[in-house]
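Have a look at the structure below, then the notes.
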Amino acid sequence: MKTEKQHFHFSYPFVALCLLGLLVACDGRFGKKNEATEDDQKAAVEEAVPVEIATIGTGEIESVLKMTATLVAEEDVKVLAKAGNELVALKVEEGDRVELGQVLAKLDDRNQKLQVEKSKAALAKAERELKRQQSLFERKMTTEQTYNDAKTEVDQQRLNLNEAMLNLEYTTIRAPITGTITMRAVNLGDQISVGQELFQIINFNSIVARIFVPEKYLPQLKINLPCRIDSPVFGEQSFSGRIRRIAPTVDDRTGTVKVTVALADIGPLRKGMYVNVNLVLDVARAAVLVPKKALVYDNDQTYVYRLEAESRVQRVAVEPVLKNREFVQPAAGISVGDRLVVAGQAGLKNNALVKVVDTEVDNQATAAAE
Numbered sequence: 323m324k325t326e327k328q329h330f331h332f333s334y335p336f337v338a339l340c341l342l343g344l345l346v347a348c349d350g351r352f353g354k355k356n357e358a359t360e361d362d363q364k365a366a367v368e369e370a371v372p373v374e375i376a377t378i379g380t381g382e383i384e385s386v387l388k389m390t391a392t393l394v395a396e397e398d399v400k401v402l403a404k405a406g407n408e409l410v411a412l413k414v415e416e417g418d419r420v421e422l423g424q425v426l427a428k429l430d431d432r433n434q435k436l437q438v439e440k441s442k443a444a445l446a447k448a449e450r451e452l453k454r455q456q457s458l459f460e461r462k463m464t465t466e467q468t469y470n471d472a473k474t475e476v477d478q479q480r481l482n483l484n485e486a487m488l489n490l491e492y493t494t495i496r497a498p499i500t501g502t503i504t505m506r507a508v509n510l511g512d513q514i515s516v517g518q519e520l521f522q523i524i525n526f527n528s529i530v531a532r533i534f535v536p537e538k539y540l541p542q543l544k545i546n547l548p549c550r551i552d553s554p555v556f557g558e559q560s561f562s563g564r565i566r567r568i569a570p571t572v573d574d575r576t577g578t579v580k581v582t583v584a585l586a587d588i589g590p591l592r593k594g595m596y597v598n599v600n601l602v603l604d605v606a607r608a609a610v611l612v613p614k615k616a617l618v619y620d621n622d623q624t625y626v627y628r629l630e631a632e633s634r635v636q637r638v639a640v641e642p643v644l645k646n647r648e649f650v651q652p653a654a655g656i657s658v659g660d661r662l663v664v665a666g667q668a669g670l671k672n673n674a675l676v677k678v679v680d681t682e683v684d685n686q687a688t689a690a691a692e
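Numbering (this note's numbering), first residue to last: 323 to 692.
Take a look at the structure:
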């Protein structure tokens, strides 16, 4: 029995129908994949950013201008010899405190005393001669010129006596100011010449810091404006001072004003030391304080991110009025009780969703000034 094979024939409509079904099935699968990707992206965008926040409070804040200076003494005197002779007595030593007019040393004064005696004798002789000439002149037995010459001679001898007495006085060296002997340049027995340096005296109470303040701060400068002074030598120790003088002119080359700051108590500070001078230009009490770590800088603009409802943040512009090392006082826009992002704000955008992972204590108390 012979078996006959059957052949299948595909028509064009049938093939087209199959291909269409295959495309629909593939499109369904890929379409669902694309929809899933978009949903994933949307979920990623809305994922909450972890942040830390601080609650805004109030406190005291200062506007401080930091300057540097070298301490100088306004009463710093070199004691020079006004007479020459051997140094026969030393009354003070370096480190001694002396008062105005106190004897510091003495020179051999025998020559000066001799000159005083000679001048006294010459003056006495001139006075006797004047008396004789006056008697003759009254009796018209001498000329007026001779009488006048006698008077002139008396005047001259008086001047000579005063000069001799002054030279004698110069052999006793006295303190020209009240202060401390910071240098003794001579020894007992030295031969002293006129103009030679003998001692240096400094009044430590006259030590000041001279600073040169940019002219834009001139409206804020005033006599007795408080300041704080510190030295790298003494670490965190601070010394109080106040503005004593403000120069009446501005240096046209540097655009600065010379300001002299006096110290209330120099303590361990010394002339010649390098110090930091912090001028307190303004003080605000009970001011709204924004932590500096909350600030975000965008070109010349400054912003903070404030936590709003539904865990979203709002970008708020901040214009600092006063600032110190840790805080700024904003001109407006921030209120007590506002919650600001202080960590994690680098990549934030306005209205971003956030997740608070930590909350700092209320932002109150005064920070150390810059």
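From the three backbone atoms N, C-alpha and C, an ideal C-beta is built for every residue, glycine too.
Look at the stretch 535–569 and you find these whole runs of beta strand (DSSP E), each 3 residues long or longer: 548–552, 560–568. In this structure, the beta-carbon distance from Val-610 to Thr-380 falls below 7 Å. In this structure, Leu-520 sits away from Val-414, with a CB-CB distance that is not shorter than 7 Å.
In the structure shown, Arg-592 adopts coil according to DSSP, grouped into three states. A Cβ-Cβ distance of about 58 Å is found for the pair Lys-677 and Val-394, leaving them out of contact under the 8 Å criterion. Selection Leu-452, Arg-454, Lys-442, Arg-566 evaluated against Cys-549 yields Arg-566 as nearest (Cα-Cα). Taking a contact as a CB-CB distance under 8 Å, the pair Arg-480 and Leu-445 counts as one, their CB atoms being some 6 Å apart. For Asn-407, no alpha helix (DSSP H) encloses it; the enclosing beta strand (DSSP E) starts and ends at 407–412.
Looking at Arg-506, Val-476, Asn-433, the one whose alpha-carbon comes closest to that of Asn-489 is Asn-433. For the options Thr-392, Leu-429, Ile-378, the alpha carbon positioned closest to that of Pro-554 is the one of Thr-392.
Counting every other CB atom within 10 Å of its CB across the protein chains shown gives Thr-493 a total of 16 or more, marking it as buried. Within a 10 Å sphere around the beta-carbon of Leu-510 sit fewer than 16 other beta-carbons, which makes this residue exposed. Within a 10 Å sphere around the beta-carbon of Lys-645 sit 16 or more other beta-carbons, which makes this residue buried. In the DSSP annotation of this structure, the continuous segment of the alpha helix (DSSP H) that includes Val-476 starts and ends at 466–492.
Beta-bridge analysis with DSSP links Pro-372 to Lys-677. Between the stretch 415–432 and the stretch 460–474 there are fewer than three C-beta pairs closer than 8 Å, too few to call the two in contact. Taking C-beta atoms as the reference points, Ile-524 and Gly-501 count as a pair closer than 7 Å. Fewer than three pairs of CB atoms, one per stretch, sit closer than 8 Å, so the stretch 583–591 makes no contact with the stretch 622–637. A straight line joining the alpha-carbon of Asn-546 with that of Glu-408 spans about 49 Å. For Met-389, the closest alpha carbon among the candidates Met-505, Leu-603, Arg-506, Asn-598 is that of Asn-598.
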